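Visitor: Quick one: this structure, given as structure tokens, is what I'll be asking you about.
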Amino acid sequence: MTDQAFHRQQAELLPQRAAPMTQVGVVGWARTNLFSSWLNSILTLVALYIIWVVVSTLIDWAFISSHVSGTDRFACTSEGACWAWLDQRIQQFLYGFYPSEETWRVNLAFVLLFPALAPWLFDNVPGARYLRWFSLAYPIIAAILLAGGLGLTVVGTDKLGGFTLNLTVGLAGIVLSLPIGIVLALGRQSRLPIIRILSIVFIESVRGVPLITLLFVSNIILPIFLPPDVSLNAVIRVIVMVTAFASAYMAEVIRGGLQAIPKGQYEAAQAMGLGYWQMMRLIILPQALKISIPGIVNTFIGLFKDTTLVIIIGLFDILGIANAMVSNPDWLGLSSETYVVVALFFFTVCFSMSRYSIHLERKLDTTNR
Amino acid sequence: MKFTAITGAVAAVAAMWIAGGAAGGAHAATLDDVKAAGEVKCGINTGLPGFAFTDDKGNWTGFDVAYCKALAAAVFGDPGKVKYVNLTGKNRFPALASGEIDVLSRNTTWTFSRDVDLGFTFIGVSYYDGQGFIGRTALGAKSAKELDGASVCIQTGTTTELNLADYFRSNNIKYEPVPIETNEEARKAYEAERCDVYTTDASGLAATKSTFPDAENHMVFPEIVSKEPLGPLVRQGDDQWADIARWTLNALINAEELGLTQANVDKMAVKGNNPEVNRMLGSEGSLGEMLGLSKTWAVAVIKSEGNYSEIFERYLGKDTPLGLARGQNALYKDGGILYAPPMR
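If you're matching them up, the sequences are chains A and B in order. Using this note's numbering, the first residue of the first sequence is number -15, and each one after it goes up by one. Using this note's numbering, the first residue of the second sequence is number 23, and each one after it goes up by one.
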């Protein structure tokens, strides 16, 4: 009889209730991740305080107590950053010593870069077939736009500078070093001794010296050997050296990818009756390159940042322009401000490359997880 | 055996190339090359306050640059015909040796070994500099000799580092070096009080001091601990070109002495009563022809950026942010040591 009390039946299920406020949303996240124990709470508070101090000082320096107008540093009377130079000098930071009435050519070359790159970087680009032809012509179009010819005023490449120079050298290096790197990687694994030895010699000798040394050689040693009336264009010299340097690294990155491909893939391809090039193009390289994407992009980013070394041979990339600016008595001592701006430029490009590589890795991800 | 033969052959060919290249550079008449190129290739700094820097339009300007312009004016009558080649401390000498530039005007100290051993000819002194010290007035020191135990910010790998060691050792005082890579970093380090004293060339100290918001709390000590005669240089072995470079500099200095300025030189070029002026500006005698230049080369030189004093005051002098006094760089008759041989 007494069982009755324990068998009280519920007619319906209780309605679902939302999880307690303290377990979900921002509060819940903070409780589990930031304040889960006394020690964690203290560490969180200390970290928050440090972030607050750094960020607030930075914001105060860069924005609140900064000074933005004026024609020299003496106009900057406040404690914070002095941005007065931006107005006068941003042109030089972007275009170097390029004549100001011709800068539209640089802008046009930059705008045309996007349709030239799009069909190679993304799927579903409308008109991709025609754009690929345009991409092949783009280097010539860009060279004519930047250097002149065909009715455009000729601008010496020593006038090329600022971020334009970083982009030109960086992009040329990136676009050229990938195919050369692939060829070198395949060459190093080739069964033909001459090709293998040449590839190894090139890779090891270029990789064994710092880029600065290569630039020095191109700038100082080459002119001694060449007849006096032959002068190689400085920008071309840099592009050649940067490309050679990046190719050697690229070759090793791709060789890593090639070695990760199981032998069965090679054998299967050969069993299908594919020749060497078909096997590489259809079976091996697509897999090897996919594996190598992080390493390839790593090399690209390194190459892009190495373009600042051109100051060694007297070319003024964005960093060189910044240093030349702070040597002007009117702008002495503003190196912090100029470094911040230069860093922003580089971060934008390098971070974009990094995000794109993640996008690509996700797109090509075929592993079964 | 076979291997050594091949190596030997390669070395021989390389040596011939080097010899051929060097010979080609040294024996060609630089003046003809310059005229054929239509411009003077002038090596300058990649950026040094007062001496070489860019203006807001992106043109190179400064004390060292003004000499390049004067030289171009001497050769072509047009100060614009210069190709500037920006050089670092490391590659300035190879650039001159290889013929990439015709003249180096890049705050270079005239020393025995550079002149004799490196195969260059210094053509004169355009600026007498010397190493000095800047420190906070709060230190209480009135002279560099009272700096016992101080920490000193110093650029590594330069003559300033060696001079510093020499000076403190010979005065028997201790110091703690704070080695730093570049001038700009050294300035920042000093400002952040990582060192008590910062040492570099006196002209650089003036530039540094002018960037401090509290300049009155810093003092440049009176001691100058080294001789740094800065001047342009050319390759050894082409005396005609060296003469042109030398007398362009001398013309600038003599112009100050004779009162010839950018503004009045055209008027003075008409034959007047002063025979020295007449000879220099070409209304009498044939100095220009002796150099292989036009009769009025000196007029063009002075018109490019003015005489020595005008150039100095425009880029380094009292009214500039650097605010350097003429000091040793005044004419000999004004108490300095600037003395150019007569033009006759």
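Beta carbons are placed, not taken as given, at the ideal position from N, Cα and C, and that holds for glycine. Just so it is clear, the structure is predicted and the values come from calculations on it, not from any experiment.
Note down the Cα distance separating I176 (chain B) from Y212 (chain B), rounded to an integer number of angstroms.
Guide: C-alpha separation (whole angstroms): 10 Å.
Visitor: Contact defined as beta carbons within less than 8 Å: I believe A88 (chain B) pairs with V323 (chain B). What is the distance between those atoms, to the nearest angstrom?
Guide: With a Cβ gap of about 11 Å, A88 (chain B) and V323 (chain B) do not count as contacting.
Visitor: Looking at the secondary structure, which residues open and close the alpha helix (DSSP H) in which C90 (chain B) lies?
Guide: Counted as a single uninterrupted DSSP element, the alpha helix (DSSP H) harbouring C90 (chain B) occupies residues F85 to F98.
Visitor: Would you say L344 (chain B) lies against chain A (beta-carbon separation less than 9 Å)?
Guide: yes
Visitor: List the residues that DSSP assigns as beta-bridge partners of E198 (chain B).
Guide: According to DSSP, residue pairing for E198 (chain B) in a beta bridge involves B:S173.
Visitor: On the DSSP bridge assignment, give the partners of R257 (chain B) in chain order.
Guide: B:F142
Visitor: Would the stretch 163 to 178 of chain A and the stretch 308 to 320 of chain A be scored as touching if the rule is three or more Cβ pairs under 8 Å?
Guide: no
Visitor: Any C-beta of chain B within less than 7 Å: which residues of the stretch 156 to 169 of chain A qualify?
Guide: none
Visitor: With DSSP as the reference, please indicate the residues paired to Y220 (chain B) in a beta bridge.
Guide: B:I156 and B:C175
Visitor: Taking 9 Å as the CB-CB limit, is I208 (chain A) close to chain B?
Guide: yes
Visitor: Using the three-state DSSP reduction, which class does D349 (chain A) fall into: helix, strand or coil?
Guide: coil
Visitor: What does a CB cutoff of less than 8 Å around A237 (chain B) pick up in its chain, not counting 5 residues either side in sequence?
Guide: Closer than 8 Å at Cβ, skipping near neighbours: K231.
Visitor: For a quick check, are the C-beta atoms of I223 (chain A) and G133 (chain A) less than 9 Å apart?
Guide: no
Visitor: Check whether the stretch 35 to 45 of chain A touches the stretch 284 to 302 of chain A, taking contact to mean three or more Cβ pairs, one atom from each stretch, closer than 8 Å.
Guide: no
Visitor: Using a C-beta cutoff of 9 Å, does A308 (chain A) count as contacting chain B?
Guide: yes
Visitor: Taking C-beta to C-beta, are W132 (chain B) and L274 (chain B) nearer than 9 Å?
Guide: Not in contact: W132 (chain B) and L274 (chain B) (Cβ atoms no closer than 9 Å).
Visitor: Alpha carbon to alpha carbon, how far is F77 (chain A) from N300 (chain B)?
Guide: 47 Å
Visitor: Residues in the stretch 225 to 258 of chain B with C-beta within 9 Å of chain A's C-beta atoms, listed in sequence order?
Guide: A229, T230, S232, T233, F234 and P235
Visitor: For V237 (chain A) and I280 (chain A), what's the separation of their Cα atoms in angstroms?
Guide: 7 Å
Visitor: DSSP three-state call for G132 (chain A): helix, strand or coil?
Guide: coil
Visitor: Please classify G60 (chain B) as buried or exposed, where buried requires at least 16 neighbouring CB atoms within 10 angstroms.
Guide: exposed
Visitor: Measuring alpha carbon to alpha carbon, tell me which of B:I123, B:L338 and B:Y361 ends up nearest T52 (chain B).
Guide: Here the closest residue by C-alpha is B:I123.
Visitor: Using the beta-carbon count (16 or more within 10 Å), is M225 (chain A) buried or exposed?
Guide: Classification of M225 (chain A): buried, given that the 10 Å Cβ count is 16 or more.
Visitor: I'd like to know whether the C-beta of A117 (chain B) is nearer than 9 Å to at least one C-beta of chain A.
Guide: yes
Visitor: Excluding the 5 residues flanking G157 (chain B) on each side, which residues of the same chain have their C-beta closer than 8 Å to its C-beta?
Guide: Within the same chain, Cβ atoms closer than 8 Å to the Cβ of G157 (chain B) are found at A163, L169, A172, D218, V219, Y220, H240, M241 and F243, the five residues on either side in sequence being excluded.
Visitor: Examine the Cβ distances between the stretch 278 to 286 of chain B and the stretch 320 to 338 of chain B and report whether three or more of them are shorter than 8 Å.
Guide: yes
Visitor: Would you list, in sequence order, the uninterrupted beta strand (DSSP E) runs of no fewer than 3 residues that lie entirely inside the stretch -12 to 27 of chain A?
Guide: none
Visitor: Check for me: the beta strand (DSSP E) holding P251 (chain B) runs from which residue to which?
Guide: E250 to L252
Visitor: What would DSSP say about M365 (chain B), mapped onto helix, strand or coil?
Guide: coil
Visitor: Can you pull out the residues from the stretch 71 to 90 of chain A whose beta carbon lies closer than 7 Å to at least one beta carbon of chain B?
Guide: Q72, R73, Q76 and F81
Visitor: Compare the C-beta of D411 (chain A) with all C-beta atoms of chain B and state if any pair is closer than 9 Å.
Guide: Any question about residue 411 (chain A) goes unanswered here, given that chain A covers just -15 to 353.
Visitor: Taking only beta carbons into account, state which residues of the stretch 169 to 181 of chain A come closer than 7 Å to chain B, listed in chain order.
Guide: none
Visitor: How far does the alpha helix (DSSP H) with N67 (chain B) in it reach, from first residue to last?
Guide: From DSSP, N67 (chain B) is part of no alpha helix (DSSP H) but of the beta strand (DSSP E) over V62 to N67.
Visitor: Can you pull out the residues from the stretch 118 to 129 of chain B whose beta carbon lies closer than 9 Å to at least one beta carbon of chain A?
Guide: A119, S120, G121 and E122
Visitor: Could you tell me whether the stretch 101 to 110 of chain B touches the stretch 348 to 358 of chain B, where touching means 3 or more Cβ pairs closer than 8 Å?
Guide: Counting Cβ pairs under 8 Å, fewer than three are found: no touch.
Visitor: Using a beta-carbon distance cut-off of less than 9 Å, what residues from the stretch 309 to 333 of chain A approach chain B?
Guide: M309, V310, S311, N312, P313, D314, W315, L316, G317, L318, S319 and S320
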